[in-house]
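Novice: Numbering (our numbering), first residue to last: 9 to 926. C-beta atoms are modelled at their ideal positions from N, C-alpha and C, and glycine is treated no differently. Quick caveat: nothing in here was measured; it's all calculated off a predicted structure.
1. Work out the CA separation of residue 396 and residue 359 for me, nearest whole Å.
2. Is it right to say residue 913 is buried, meaning 16 or more other beta carbons lie within 10 angstroms of its own, or is it exposed?
3. My parser needs the beta strand (DSSP E) runs of 3 or more residues fully inside the stretch 546 to 607; what are they?
4. Using CA coordinates, which residue listed in 738, 713 and 721 is at the minimum distance from residue 729?
5. Can you look up residue 271 in the DSSP assignment and give me helix, strand or coil?
6. Can you confirm whether the stretch 672 to 688 touches the stretch 701 to 718 when touching is taken to mean that 3 or more C-beta pairs between the two stretches lie within less than 8 Å?
7. Let me check understanding here. Comparing Cα to Cα, which of 464, 402 and 414 lies closest to residue 345?
8. Can you give me the Cβ contacts of residue 392 inside the same chain, cut-off strictly under 6 Å, excluding the 5 residues immediately before and after it?
9. Hey, out of 542, 632 and 626, whose CA is closest to residue 571's CA?
10. Hey, could you find the ends of the beta strand (DSSP E) residue 901 is sitting in?
11. Which residue's Cα is closest to the Cα of residue 496: 251, 464 and 457?
12. Grab the span of the beta strand (DSSP E) containing residue 938 for me, first residue to last.
13. Would you kindly work out how many angstroms separate the C-alpha atoms of residue 39 and residue 183, rounded to a whole number?
14. Under 6 Å Cβ to Cβ from residue 302, same chain only, skipping five residues before and after it: list those, please.
15. Pairing CB atoms from the stretch 643 to 660 with CB atoms from the stretch 622 to 631, are three or more of them under 8 Å?
16. Taking the beta strand (DSSP E) that residue 3 belongs to, which residues open and close that run?
17. Measure the C-alpha to C-alpha separation of residue 278 and residue 835 and round it to an integer number of angstroms.
18. Quick one, are the C-beta atoms of residue 402 and residue 437 less than 7 Å apart?
19. Assess contact between the stretch 461 to 471 and the stretch 419 to 433, defined as three or more Cβ pairs (one per stretch) separated by less than 8 Å. Is contact present?
20. Sort out for me which residues DSSP pairs residue 516 with in a bridge.
21. For residue 877, which of 871, 863 and 900 has the nearest alpha-carbon?
22. Apart from the five residues just before and just after residue 407, which ones in its own chain have a Cβ nearer than 6 Å to its Cβ?
23. DSSP state of residue 719, grouped into three classes?
24. Residue 349 lies in the beta strand (DSSP E); which residues open and close that run?
25. Nearest to residue 887 by CA position, among 804, 871, 109 and 880, is which residue?
26. Below 8 Å on the Cβ atoms is my guess for residue 879 versus residue 203; work out the distance and round it to an integer in Å.
27. Ordered along the chain, which non-local residues of its own chain (more than five positions away) have a Cβ less than 8 Å from that of residue 84?
28. Does the stretch 799 to 806 come close enough to the stretch 817 to 824 that 3 or more CB-CB pairs lie under 8 Å?
29. Cα separation between residue 355 and residue 461?
30. Taking the CB atoms as reference points, tell me whether residue 372 and residue 342 lie closer together than 7 Å.
31. Do you know whose CA, among 866, 842, 863 and 850, lies nearest residue 856's CA?
32. Would you list the one or two residues that DSSP bridges to residue 426?
33. Say whether the stretch 523 to 536 touches the stretch 489 to 508, bearing in mind that this needs 3 or more beta-carbon pairs closer than 8 Å, one atom from each stretch.
34. Following the continuous beta strand (DSSP E) through residue 838, name the residue where it begins and the one where it ends.
35. So, with DSSP's three-state summary, where would you put residue 767?
36. Determine which residues share a DSSP beta bridge with residue 822 and list them.
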């Protein structure tokens with residue numbers, strides 16, 4: 009065993025020291041000016057031979073030899089000039105271009121032999137000594153840009169100095185390269201990087217030797233990492249293989265590694281990616297832990313252009329925590345299904361399918377390490393899923409919709425499912441309207457009706473009992489029909505009279521009887537039978553609108569308009585608790601005081617669509633709406649603002665009721681503070697008074713409403729019962745400019761249509777590609793993409809946003825009261841949440857979200873995210889400094905998807921997911 013261990017150590021030492029010795033060899037060769045890897049110039053020997061052929065071709069048939077050299081025509085052109093010499097050499101100056109079959113060469117200076125297959129290219133110098141017009145060699149859709157190159161059209165070999173080529177998402181840069189006949193490149197002193205700053209890349213892999221097969225792969229010898237020109241030979245590879253593909257292809261997904269205290273070391277998110285076809289893909293990944301936990305996951309995205317698109321994600325997770333021999337050992341099996349589907353409206357205008365499914369067992373997110381650092385997932389208490397299919401029938405008012413809904417409460421693993429929920433709708437029709445009407449419209453032609461039907465099958469249970477539930481006893485089944493009939497007539501040109509009749513019917517499959525258990529009413533028995541439960545009502549209403557105008561004393565050019573819209577209606581409905589309908593039942597019992605009482609209840613109180621109302625109704629309904637607007641003159645223009653967008657009051661009076669004829673008074677106020685900020689305030693006033701409720705011992709146990717109006721006893725119409733409002737304002741960097749007229753867009757940019765010198769729109773291009781679009785040179789320093797003002801200063805627009813959501817509710821507290829005034833006390837509840845973001849520069853960004861707890865008077869939650877774009881790297885930091893889930897997560901990684909494993913992650917060790925080993 010000792011020999012095997014020693015041999016293993018020697019093997020590991022040799023394998024991991026190869027990059028270091030390769031780096032040292034490269035440094036040594038560069039220092040003495042001699043490279044250990046020779047790239048011979050194959051062009052040189054051919055060139056010497058071609059010169060000899062030119063001298064011998066004078067007495068012979070030159071046309072025959074030209075045919076043997078090249079088998080296609082060579083096209084060449086230049087923008088400046090073409091110079092031909094006596095020794096049959098041609099020189100192209102100014103955007104020279106040479107084409108041969110699929111090969112194209114562009115450069116500022118090109119020299120070519122007219123008798124042989126040799127061509128040379130190099131760059132030019134402008135008046136200040138800057139280089140321009142670098143040679144660009146194109147073959148098979150791959151471009152190679154360099155400072156100098158030689159190429160042999162016959163042997164298809166070439167020699168290039170300082171070459172740059174893009175392969176996939178990365179760039180390959182080499183000081184010396186040799187192109188072979190099979191389109192491969194051999195190079196030394198190369199670099200592979202995804203950074204487009206080629207002169208000084210932020211990072212690269214130094215390749216001592218490499219072979220490049222365009223659009224296929226790169227095979228390297230010893231390679232090591234260089235960051236900011238600092239070589240790190242100890243972070244290297246003995247060899248490397250980088251595959252490239254411009255096609256949609258399958259491949260291996262490399263896993264990530266880490267550790268947890270409860271589940272051990274792990275490998276996560278590793279698997280295989282299947283490129284099934286151009287419309288759908290599939291990624292199968294898994295995770296495994298050293299303490300026995302494991303999981304599988306399948307993700308797929310699909311898309312059919314102009315038809316539909318979507319994605320699904322299915323996961324299965326087995327979590328084992330603790331030791332099998334200890335009592336705290338537990339095993340949980342969790343599932344997750346997410347599915348999104350959307351349909352293009354142009355695909356089918358009569359049938360649409362949409363889906364948004366987010367279903368998982370209650371402990372799935374708690375067992376996912378990513379959820380700890382994702383506040384939206386870890387603090388999510390409810391989840392909703394829905395799938396909807398709608399069918400509309402052409403040239404018909406009918407439509408059918410089928411929906412599946414699932415609501416989950418992760419706090420207690422309760423699940424509410426509706427499957428299916430079918431809706432049948434008939435849009436408004438005029439059944440008595442004449443097809444070929446002649447003359448005035450008849451009164452019966454204004455009668456309109458529509459139909460709404462709903463079939464629902466639902467259940468409320470625990471998630472572990474869902475699949476073992478009884479379809480008859482645990483599931484609830486019901487159907488509802490609603491047929492409203494109405495018409496609108498005009499009287500005296502200003503009054504609108506609307507009579508209406510509504511019929512509702514419910515179909516239930518069970519009914520519940522009750523009994524008195526000595527202290528309360530409880531369900532006694534459930535009978536499973538089909539029952540029809542219906543109700544109907546008739547109503548008539550009258551509406552009008554009154555306008556009023558007022559000119560205030562402080563401004564004669566200002567006009568205030570008041571719109572008053574009163575509405576009075578009458579509605580009637582019989583008492584459906586009457587025994588002749590059979591919807592209610594009653595029984596007698598003795599209460600706690602020994603008094604005989606009668607309890608009347610609905611047999612269908614647990615029905616999904618409710619039960620018919622009890623008690624005869626002869627309601628007179630009152631509703632008053634107000635709108636207040638102001639117009640004023642400003643700068644020769646008329647502006648209109650809304651003072652009160654709507655203020656409405658509504659209440660009713662039941663003429664046939666025995667007691668409590670008046671309903672609560674409801675008010676609504678809507679204020680438009682700006683185009684984006686609207687405040688809605690809802691309030692309810694109680695018109696009745698209360699009396700004390702005492703037990704046998706004379707102790708006050710509460711208050712009860714008595715049939716005595718407050719205005720007759722206390723002189724007020726009503727007492728505030730509840731009031732609440734919600735507001736969600738938001739501002740950003742443009743808000744104050746819009747408010748105070750400081751927007752730069754209104755002032756205009758004087759240089760917008762007259763660009764200054766150096767404007768990016770006036771830049772000359774280094775060349776155009778085959779399609780006529782601009783091609784940017786890969787050589788040279790990274791261009792400054794910043795925006796400058798007219799004075800030459802760099803523009804730095806700070807972008808920021810801040811939003812808040814606040815809700816307020818002030819209402820009766822039914823658990824507290826004042827015995828002297830015989831009034832309920834009030835309880836104040838309000839919630840505040842806010843979030844914001846700021847981008848001080850184009851590379852820095854910061855955002856946060858938080859909530860404030862008014863009961864504890866402290867911030868309950870704060871989540872912050874910081875991001876820095878490092879050009880070819882990205883630094884992100886997420887931290888939760890407050891609350892029970894304090895943690896942080898810092899990550900720096902390469903932006904390229906090919907180098908997704910080139911990263912460093914650091915997590916906070918304040919939870920069991922990231923233990924503090926020290």
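Specialist: With the structure as the only source:
1. One Cα belongs to residue 359, the other to residue 396, and the distance between them is close to 11 Å.
2. Under the 10 Å beta carbon count, residue 913 is surrounded by fewer than 16 other beta carbons and is classified as exposed.
3. With a minimum length of 3 residues, the continuous beta strand (DSSP E) runs that stay inside the stretch 546 to 607 are 554 to 558, 567 to 581 and 592 to 598.
4. Of the candidates 738, 713 and 721, the one whose C-alpha sits nearest the C-alpha of residue 729 is 713.
5. Reduced to three states, the DSSP call for residue 271 is coil.
6. Flag = no, the stretch 701 to 718 and the stretch 672 to 688 do not touch.
7. It is 414 whose Cα lies nearest to the Cα of residue 345.
8. 415, listed in sequence order.
9. For the residues 542, 632 and 626, the minimum Cα distance to residue 571 belongs to 632.
10. 895 to 902 is the extent of the beta strand (DSSP E) around residue 901.
11. Ranking 251, 464 and 457 by Cα distance to residue 496 puts 457 first.
12. Lying outside 9 to 926, the shown extent of the chain, residue 938 is not represented and no answer is given.
13. Bear in mind that a pLDDT of 37 at residue 39, under 50, signals an unreliable position, so the model cannot answer this.
14. Scanning its chain for C-beta atoms nearer than 6 Å, with the 5 sequence neighbours on each side dropped, one finds around residue 302 the residues 296 and 326, in chain order.
15. Touching, yes, given that three or more Cβ pairs across the two stretches are closer than 8 Å.
16. Given a span of 9 to 926 for the chain in the structure shown, any question on residue 3 remains unanswerable.
17. Cα-Cα distance, rounded: 54 Å.
18. Cβ atoms of residue 402 and residue 437: not closer than 7 Å.
19. The stretch 461 to 471 makes contact with the stretch 419 to 433, as at least three CB pairs between them are under 8 Å.
20. Under DSSP, residue 516 takes part in a beta bridge, and its partners are 486 and 539.
21. The closest CA to that of residue 877, considering only 871, 863 and 900, is found on 900.
22. 400 and 433.
23. Correct three-state label for residue 719: helix.
24. Per DSSP, the unbroken beta strand (DSSP E) holding residue 349 starts and ends at 338 to 351.
25. Comparing Cα positions, the closest option is 871.
26. Indeed they touch by this definition, with Cβ atoms about 6 Å apart.
27. Cβ neighbours of residue 84 beyond the five flanking positions: 90, 98, 100, 104, 105, 106, 107, 118 and 120.
28. No, the stretch 817 to 824 is not in contact with the stretch 799 to 806.
29. Rounded to whole angstroms, the separation of the alpha carbons of residue 461 and residue 355 is 27 Å.
30. Contact flag set, yes.
31. Distances from the CA of residue 856 to each of 866, 842, 863 and 850 were compared; the closest alpha carbon is that of 842.
32. Beta bridge pairing from DSSP links residue 426 with 413 and 466.
33. Contact between the stretch 523 to 536 and the stretch 489 to 508 is absent, because fewer than three Cβ pairs lie under 8 Å.
34. For residue 838, the uninterrupted beta strand (DSSP E) run begins and ends at 831 to 847, by DSSP.
35. Unreliable placement is indicated for residue 767, whose pLDDT of 43 sits below 50; the coordinate value is still reported in the next sentence. Per DSSP, reduced to three states, the secondary structure at residue 767 is coil, with no helix or strand assignment.
36. Looking at the DSSP assignment, residue 822 forms no beta bridge with any residue, so it has no partner.
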